[in-house]
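See structure below.
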Amino acid sequence: MNGLTRGSAAIVGAAESDIGAVAANMSPLDLMAQGIHRALVDCGLELRDVDGIFCAATQARTSAMSLCEYLRLPAAYTDSTIVGGSSFEVHVAHAQAALAAGLCSVAVIAYGSTQRTVGRRQASAREYNPYETPFRPFLPATAYALAASRHMHEFGTTREQLAEVAVAAREWALLNPVAWEKKPLTIAEVLSARPISYPFTVRDCCLITDGGGAIVMVSADRARSFAKPPVYVLGCGQAITHASISSMPDLTVTGARESGAAAYRMAQMRESDIDVLALYDAFTINTILFLEDLGFCPKGEGGRFVSGGRIGPKGSLPVNTNGGGLSYCHPGMYGLFLLIEAVRQLRGECGERQVARAETALVHGNGGVLSAQATVILGTQATV
Amino acid sequence: MANAPASPLGVYLEHLGKGELAYQFSPGANAAVFYPRVICPFTGRDDLQWRVSKGLGTVYATTVVTPVKGDPYNVVLIDVDEGFRMMSRVEDIAPLDVRIGMRVKFRVHAAEGDEPPYPVFTPSDAAP
Chain V
197 MNGLTRGSAA
207 IVGAAESDIG
217 AVAANMSPLD
227 LMAQGIHRAL
237 VDCGLELRDV
247 DGIFCAATQA
257 RTSAMSLCEY
267 LRLPAAYTDS
277 TIVGGSSFEV
287 HVAHAQAALA
297 AGLCSVAVIA
307 YGSTQRTVGR
317 RQASAREYNP
327 YETPFRPFLP
337 ATAYALAASR
347 HMHEFGTTRE
357 QLAEVAVAAR
367 EWALLNPVAW
377 EKKPLTIAEV
387 LSARPISYPF
397 TVRDCCLITD
407 GGGAIVMVSA
417 DRARSFAKPP
427 VYVLGCGQAI
437 THASISSMPD
447 LTVTGARESG
457 AAAYRMAQMR
467 ESDIDVLALY
477 DAFTINTILF
487 LEDLGFCPKG
497 EGGRFVSGGR
507 IGPKGSLPVN
517 TNGGGLSYCH
527 PGMYGLFLLI
537 EAVRQLRGEC
547 GERQVARAET
557 ALVHGNGGVL
567 SAQATVILGT
577 QATV
Chain C
967 MANAPASPLG
977 VYLEHLGKGE
987 LAYQFSPGAN
997 AAVFYPRVIC
1007 PFTGRDDLQW
1017 RVSKGLGTVY
1027 ATTVVTPVKG
1037 DPYNVVLIDV
1047 DEGFRMMSRV
1057 EDIAPLDVRI
1067 GMRVKFRVHA
1077 AEGDEPPYPV
1087 FTPSDAAP
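Written out as structure tokens, the structure reads:
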């Protein structure tokens, strides 16, 4: 029970900013503004129509304030909730609530990062944690590697099965013209790549790119007046189980169980109703954990489930069709890009990588170190 | 109201300085609490008690970090016998030889310069 109404709001515009490696001296705010401009063009609205700003950034501590200045929107309703990469899935729920309450009528959710250009350390400085920092964990990779070690121990998951996730993402990326990675990848290449934090090599880890983007949300009654088909918010859920990996209750079970259950309940759907998935793949173990916790396979079976290319372009379950954080783009916080790809799939705009007859999409955001889980279920007009 | 005489981290570090691994116990929840806090996350009460661990535990999860410069080292999560989990490092063993389920014993990594003491572990033969 989250107080939101199934289908009461819709995404009507979606766009990336420049991604990959952006021009020298572009700022995170420049990328947000560029994404907003393109998303407004995508739906035919003007900047002056926007009266709700939802954003998060690691390079702008008061990102909503900065964005309101940049866009000269002094009266906008603002929400700069930040829970890591899933912030934008949380923003969808918050925007839906704000639209229903009349706090705003055109909500924009935006992100921008120049972490490739300025370096990860400068883009996202780590806070000192007296109970973790002395042991020099290479965060976030080490935290996810610890979860992977536990999954391998309890369920017999193998490094080859983890690598299947990276290979599937790469095969999808080869179908996406704007994906960062352009060359095929094999399981053997994943295993023999540079070690980062065992069992992960660099190919088990997300990219480090620049990038940004925006989506535009309005209430359902207004959504039908746009040229492109609206994508309705059918379900939302979130769960925060911890902030630091040493406080995660069980390293093989994520809060996606709770966030997914809440989203399914609101959407009045179950996993078999979902046509296309966008799961936050910061590391290869993520996809396996989320497939389990969102009900697509039993707990512990994720490694075997993804084997044989099941989640790749030739497989039976389409997951991360843009190439994911592993092969398409990962500018620090990736959650917004999951939403953009889901919107494009449900509009039928994905060209070579288009999933046939996609009417429903499950978007799952992950923030921190498996800490903040947020699920959004989206659907076409036919699902409302 | 008087200020608290010491912070949770301050008390914890003071124990480490004496060679002790301290944790808190919640009488209301009958459970260990770690990291140290001002109030109990189970009950919301400010009646947490300090206790000293016997220093024995089991490796819950393990990884080996390979830095760009320098030697690989392990980072582990330890389930300490009194019922709390913490991050640490297992020493006196090759990093990749650390196994989940391995029994380990606490020792203090002494303070160096500005760096406060911290708890590390070594392999132990003691049964759980």
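Keeping their order, the protein sequence lines are chains V and C.
Take 197 as the starting number for the first sequence in the numbering used here and just add one per residue.
Take 967 as the starting number for the second sequence in the numbering used here and just add one per residue.
Glycine included, each C-beta is placed from N, C-alpha and C at the ideal position.
Note that this is a predicted model, so its numbers are computed, not measured.
Chain C partners of residue i, CB-CB under 7 angstroms?
i: V/S345; result: A1027, T1028, T1029, I1066
i: V/S442; result: L1043, R1051, M1052, M1053
i: V/T338; result: T1029, V1031, V1041
i: V/L447; result: A1027
i: V/A341; result: T1029
Quick one: is residue i near chain C, going by C-beta distance under 8 angstroms?
i: V/P391; result: yes
i: V/P330; result: yes
i: V/H349; result: yes
i: V/F334; result: yes
Taking C-alpha atoms, which residue in the options lies nearest to residue i?
i: V/G575; options: V/Y266, V/G561, V/G544, V/V565; result: V/G544
i: V/N198; options: V/P527, V/R316, V/T571; result: V/T571
i: V/Q434; options: V/L200, V/R268, V/A459; result: V/A459
i: C/F1050; options: V/D446, V/E285, V/K424; result: V/D446
i: V/N325; options: C/M1052, C/L982, C/G983, C/D1037; result: C/M1052
i: V/A557; options: V/V427, V/E497, V/G521; result: V/V427
i: V/A359; options: V/G209, V/I507, V/R202; result: V/I507
i: V/A423; options: V/A205, V/G209, V/G520; result: V/G209
i: C/G994; options: C/V1042, C/F1008, C/V1041; result: C/F1008
i: V/N221; options: V/I207, V/S309, V/I305, V/Y266; result: V/S309
i: V/A296; options: V/T338, V/P330, V/G248; result: V/G248
i: C/F991; options: C/G983, C/G985, C/I1005; result: C/I1005
i: V/P501; options: V/E242, V/H287, V/V361, V/A235; result: According to the sequence provided, residue 501 of chain V is Phe. The question's Pro does not apply to it. Looking at the Cα atoms, V/V361 is the closest of the given residues.
i: V/I232; options: V/F250, V/G511, V/R461; result: V/F250
Any Cβ of chain V within less than 8 angstroms of the Cβ of residue i?
i: C/V1056; result: no
i: C/T1088; result: no
i: C/Y989; result: no
If you drop the 5 nearest sequence neighbours on each side, which residues of the same chain put their C-beta closer than 8 angstroms to that of residue i?
i: V/E555; result: D471, L542, G575, T576, A578, T579
i: V/V551; result: D471, V472, P514, T517, Q541
Using a Cβ-Cβ cut-off of 7 angstroms (strictly less than) and excluding sequence neighbours within five positions of residue i, which residues of its own chain qualify?
i: V/S320; result: T254, Q311, G528
i: V/R346; result: L447, T448
i: C/L975; result: P1002
i: V/P425; result: R543, T576, Q577
Which residues bound the beta strand (DSSP E) around residue i?
i: C/N1040; result: 1039-1046
i: V/W376; result: No beta strand (DSSP E) holds V/W376; DSSP gives it neither H nor E.
i: V/V273; result: According to the sequence provided, residue 273 of chain V is Tyr. The question's Val does not apply to it. From DSSP, the beta strand (DSSP E) with V/Y273 extends over 273-275.
i: V/C581; result: Coverage of chain V is limited to positions 197 through 580, which leaves residue 581 of chain V absent and any answer about it impossible.
i: C/M964; result: Because chain C spans 967 through 1094 in this model, residue 964 of chain C falls outside it and cannot be assessed.
i: V/E212; result: 205-212
i: V/I573; result: 568-575
i: V/S283; result: V/S283 -> not in any beta strand (DSSP E); alpha helix (DSSP H) instead, spanning 283-296.
i: V/F533; result: Where V/F533 is concerned, there is no enclosing beta strand (DSSP E), although the alpha helix (DSSP H) it sits in stretches over 531-543.
i: C/F1087; result: 1084-1089
i: C/Y989; result: 988-992
i: C/R1017; result: 1015-1018
Over what stretch of residues does the alpha helix (DSSP H) that includes residue i continue unbroken?
i: V/C239; result: 224-239
i: V/C525; result: Here V/C525 belongs to no alpha helix (DSSP H), and DSSP marks it neither H nor E.
i: V/E454; result: 452-463
i: V/Y327; result: Counting along the chain, V/Y327 falls outside any alpha helix (DSSP H), and DSSP gives it neither H nor E.
i: C/P974; result: 974-983
i: V/I305; result: Here V/I305 belongs to no alpha helix (DSSP H); instead the beta strand (DSSP E) covers 303-309.
i: V/T483; result: 480-489
i: V/A253; result: Looking at the DSSP string, V/A253 is not in any alpha helix (DSSP H), and its letter there is neither H nor E.
Using C-beta distances below 6 angstroms, list every residue in its chain close to residue i, excluding the 5 sequence neighbours before and after it, in chain order.
i: V/E548; result: L371
i: C/P1038; result: V1030, T1032, P1061
i: V/G520; result: A365, D477
For residue i, which residues in chain V fall below 8 angstroms Cβ to Cβ?
i: C/L1062; result: Y394
i: C/L975; result: P326
Starting from the beta carbon of residue i, find every residue of chain V whose beta carbon is closer than 9 angstroms, and list them in chain order.
i: C/L1014; result: Those do not exist, as C/L1014 stays about 16 angstroms from chain V at its closest Cβ, beyond 9 angstroms.
List, in order along the chain, the chain V residues whose C-beta lies closer than 7 angstroms to that of residue i?
i: C/Y1001; result: Y327
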